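Here's the structure, in structure tokens; my notes come after.
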Amino acid sequence: MLGVPLVAYLSLGLFMFSVGVVGVVVRRNPIVIFMCIELMLNSVNLTFLTFARFHSSVNPQTGLAAPSMMAGQMMVIFVMAVAAAEVAVGLGIIMAIFRLRHTVDIDEMNLLKG
Amino acid sequence: MENGFGSIAWVLYLPIIGFLIQAFFGKKVVDSMGIAAGRRVMGTLAVLPIALGFVIGLMLVLKLSAMEPAARSVVVPLFNWIDVMGLRLPFELIVDPLSMTMVLIITGIGALIHLYATGYMAEEPDYPRFFTYLNLFIASMLILVLGNNLALLFIGWEGVGVCSYLLIGFWYKDLANSKAANKAFIVNRIGDWGLTLGLFLIVALLTTSPSLVKADRYLSYDQMLPALQIALAHNHGLATAIALLLFVGACGKSAQFPLYLWLPDAMAGPTPVSALIHAATMVTSGVVLLNRMHIVFEMSPTASAIVAVIGAFTALFAALVAFGQTDIKKVLAYSTVSQLGFMFVACGAGGYWAGMFHVTTHAFFKALLFLGSGAVIHAMAHNQDMRNYGNLSKYLKITCWSMVIGWLAISGVYMFSGFYSKEAIIGTALANTHANIEGYQLGQYSGWTALFVAFLTAMYMTRMMVLTFFSGEERWRLIPAKAHADDHGHGTDIAHGNHLEAVHEHGHDHGPDVHGFFYTDEELHAMEHGDHDDHAHHELDETHQPHEVPPSMWFPLVCLAALSLFGGYFMSHNEVFRDWLYPEGKLPILGVVSAEAEHIPLVLYSSIAAFGGLIIGGLWYMRGLPKAEGWDESKWNPFRKLAGRQFGFDAAMVTTTVDGGAELGRGLWQGFDVKIVDGIVNGSAGLASYLGKGISWFQTGYIRMYALMMLFGGAGILGWFLYAMKHGGVR
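Protein sequence lines, in the order shown, are assigned to chains A and B. Be aware that the first sequence starts at 280, since it is given in the working numbering, and climbs by one per residue. Be aware that the second sequence starts at 296, since it is given in the working numbering, and climbs by one per residue.
Here you go:
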């Protein structure tokens, strides 16, 4: 595993994040936008894990990292929990909008237009 | 209470009690006792307090006259009124010759007029309301003259103003009456503006003058007047300012040019009101004010000269206008304005006692003339146009002969009361040099003017009397058909120059019966079945038969006629009235003011004026109504037309002040309010909206735009952090 260099992980994360951003900006289906957001979140998770892994020293006897070095992994758990909650709320909002307007095209929802 | 003058309080309390009884129980009593009996009870209860007050006043005058002349000023404290932070104004009454003279006039003439009103208003459904106002008026007037400081005077001043307003608009269901009441009230406000400024100036002077030791009750007359004399001794400009401001107030209340405008319109009120308020008492309060504050006027010859000139001009102007009036009460109203001008001529010349003397005699004969005219109006189906009268001496014997005495008195015929007071006024004006501006003897010019006006007075009063009582034909039988129509408000209004008068031409003195349609069915029913007895008036037509008025109405006439006949003689005999009001030393600056002009045979001149006026007027009108003053007003000669319109003055005032004020208000509204104030508010809102529109393209409403913005924003912040970390900006 350590054979894979750091830059590869970060490049993958950057690629995933870019795909997510472009998806959010160009797609009109809110479900797809959600997926793109998930993609961005996961790219961030990947980045967290990568840095956590590469920056922690491992106990040679147990082969485990010290608990004080687990902040990156903890962050990932948090992000996943928040993402789950966000998806639940977001899908609810989308359902409500669909019931109201019989469409979920994101460009139709421009009430904030000045 | 002290000195045994405490009973003066009852003179004041009695009308207040009367007022409360009338106000709170009047209607109930009339309703429960039946109209006739109830009105008799309430009428008695209205007259009684005033008559009792007169008796008390008379006793106090006797007591006061027994004292040393210098000591005749007693202060009767009633209660503590205002006491805050060094300002102490006790409610106290002053008993001195000036106040007691006025008390006798107010209660004496007032009681007679109340008695008269019980007869005159007998058919009035709102009987208790009338006497409520009338008693309240007497109480206010008493506060005005009896109060021992200018704040109390001001209370009375405004109180009589309110009562005047209420009584002019007594028949308030007629719009013209309400307008007349408003006019009186509003024009008086202009005078009050001057009065209050004068009061403030006096208070400011007394509280800031360093040379004065501030006394405890420093606004009470007995302490204020000497203090004013000290404070103003070296400041004649300030004396002139205070005097002129007080005179503005006096002009308003006493109907002097140019604030006289309200008085002729005030004739819309019931005739007893015209007699009591608008002839005998309230309108003289300006003269009372000048007498009370005479020290200020003594110190300012300039202000005195202005007072005299305004007085003389008012006298002349009103006398000329009186020639163009056809309404009997309007003639008397202008005559009142004119006579008030005489009083101010006297006050300007320094003859304050002469002014008060004329107040007194004028109260006698003008009340008499007004009440007499009320009797005539009563007998003539509430028609007030003199052109419809004539030969009434045959029908109204008592009224006629008592009015003849009033006529001779106001004309200044020798031995009648008006002769003595006019003599004193003109004599004082001609003999003194007090009223001058830089050597121009304006007081003496005013005196000569007054002498000429005395001639005019005799003439227009003769016109009124002859047209009403003598001059052969009974003209109400001859009224042309068109004139009949005129009487009901569709005629030309040449004689009634301003729109206000034109409107209420049909009003005349609204007797209850002529204008029955002003009353509810219930009231009409009550009148038909109640006391609507032998005064079953009808329209004035060929068949009309005038009747003499009931005793309650002619008794006051006879009393007043006796006073007009003898009062002047007794008061001027041995100068009792002058020594009573202004004993030696009462005028600290002028000293002795002589009323006898040397080198001028004034008795001769004024007799020529009086008899000349009587004879010319008599010859002119004895043969009946001249064509040039007839029913057809378009055939009047130019002078009458102009005089009938007050020489356009009223119209000019209405145009400049009322219409001009409305125009100014409209201009301000449309120019300032709409354009500038609204412009600022709407403009700032518009600016914000314009700016918002300018950048609102930025708000596309597309979510992706917001997402991109967030991205750029986040990247920007991160970038800035990186940059800052790299260059050590943030640690």
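A virtual CB, placed ideally from N, CA and C, is assigned to each residue, including glycine. Quick caveat, the model's predicted, so the values are computed rather than measured.
Closest by C-alpha distance to Leu353 of chain B, when choosing among B:Thr396, B:Phe320, B:Gly333 = B:Thr396
Using a Cβ cut-off of 7 Å, which residues of the segment 1010-1021 of chain B contact any Cβ in chain A, in chain order?
-> none
Does any C-beta atom of chain B lie closer than 9 Å to the C-beta of Ile310 of chain A?
-> no
Between Val361 of chain A and chain B, is there a C-beta pair that is closer than 9 Å?
-> no
Does DSSP classify Ser697 of chain B as helix, strand or coil?
-> helix
Does the Cβ-Cβ distance between Glu419 of chain B and Ser435 of chain B come in under 9 Å?
-> no
Kindly list the residues whose CB is nearer than 7 Å to the CB of Leu347 of chain B, restricted to its own chain and excluding five residues on each side of it in sequence; keep chain order.
-> Leu309
Alpha carbon to alpha carbon, how far is Leu554 of chain B from Tyr735 of chain B? Give it in angstroms, no decimals.
-> 26 Å
On the DSSP bridge assignment, give the partners of Pro372 of chain B in chain order.
-> B:Glu387
Report the three-state DSSP secondary structure of Val844 of chain B (helix, strand or coil).
-> coil
For Ala295 of chain A versus Leu318 of chain A, is the C-beta distance shorter than 9 Å?
-> Here the sequence assigns Met to residue 295 of chain A, which means Ala is not the residue at that position. Contact flag set, yes.
So who's on the other strand from Ser515 of chain B, going by DSSP bridges?
-> B:Asn444
Is there contact here, the segment 711-731 of chain B with the segment 910-924 of chain B, by at least three beta-carbon pairs under 8 Å?
-> no
Counting only beta-carbon atoms, is Val283 of chain A nearer than 9 Å to chain B?
-> no
Residues in the segment 378-392 of chain A with C-beta within 9 Å of chain B's C-beta atoms, listed in sequence order?
-> Ile385, Asp386, Met388, Asn389, Leu390, Leu391, Lys392
Can you give the Cα-Cα distance for Ile572 of chain B and Gly564 of chain B, rounded to whole angstroms?
-> 10 Å
Min CB distance Val358 of chain A to chain B below 9 Å = no
Sheet register partners of Tyr735 of chain B (DSSP bridge) = B:Ile732
CB contact check: Tyr985 of chain B to chain A, cutoff 9 Å | no
Could you tell me if Pro423 of chain B is buried or exposed, where buried requires 16 or more neighbouring beta carbons within 10 angstroms of its beta carbon?
-> buried
So which residues on chain A does Gly996 of chain B lean against when the C-beta distance must stay under 9 Å?
-> Asp386, Met388, Asn389, Leu390, Leu391, Lys392, Gly393
From which residue to which residue does the alpha helix (DSSP H) around Tyr709 of chain B run?
-> Element bounds for Tyr709 of chain B: n/a, residue is neither H nor E.
Where does Phe432 of chain B land, buried or exposed, given buried means 16+ other C-beta within 10 angstroms?
-> buried
Taking C-beta to C-beta, are Gly742 of chain B and Leu762 of chain B nearer than 9 Å?
-> no
Same chain, Cβ closer than 7 Å to Asp511 of chain B, five either side skipped, listed in chain order | Arg383
Quickly, what does DSSP pair Ala749 of chain B with across the bridge? List them, please.
-> Its beta-bridge partners do not exist; DSSP assigns none.
To the nearest angstrom, report how far apart Ile356 of chain A and Ile975 of chain B are at their CA atoms.
-> 59 Å
Tell me the start and end of each unbroken alpha helix (DSSP H) in the segment 319-379 of chain B that is at least 4 residues and wholly inside, in chain order.
-> 330-360
Close Cβ partners of Asp781 of chain B (< 6 Å) along its chain, the five nearest in sequence each way excluded | Residue placement at Asp781 of chain B cannot be trusted, given a pLDDT of 47 that sits under 50; what the coordinates show is reported in the next sentence. Correct list: empty, nothing qualifies.
Option in B:Met759, B:Phe374, B:Ile481 with minimal Cα separation from Asp622 of chain B | B:Met759
Report yes or no: is there a C-beta of chain A within less than 9 Å of the C-beta of Ser492 of chain B?
-> For clarity, residue 492 of chain B is Leu in the given sequence; the question names Ser instead. It does not: the Cβ of Leu492 of chain B has no partner Cβ on chain A nearer than 9 Å.
Minimum Cβ-Cβ distance from Ala957 of chain B to chain A less than 9 Å | no
When A:Leu293, A:Ser322, A:Ala344 are compared against Ser395 of chain A, the one with the closest alpha-carbon | No answer is possible for residue 395 of chain A: the residues shown for chain A start at 280 and end at 393.
Reference Leu447 of chain B; option with closest CA among B:Ala1019, B:Gly908, B:Ala614, B:Leu494 | B:Leu494
Go to Lys256 of chain B, then tell me how far its alpha helix (DSSP H) extends in each direction, as first and last residue.
-> With chain B covering only 296 through 1026, there is no way to say anything about residue 256 of chain B.
Identify whether Val337 of chain A lies in helix, strand or coil by the three-state DSSP scheme.
-> strand
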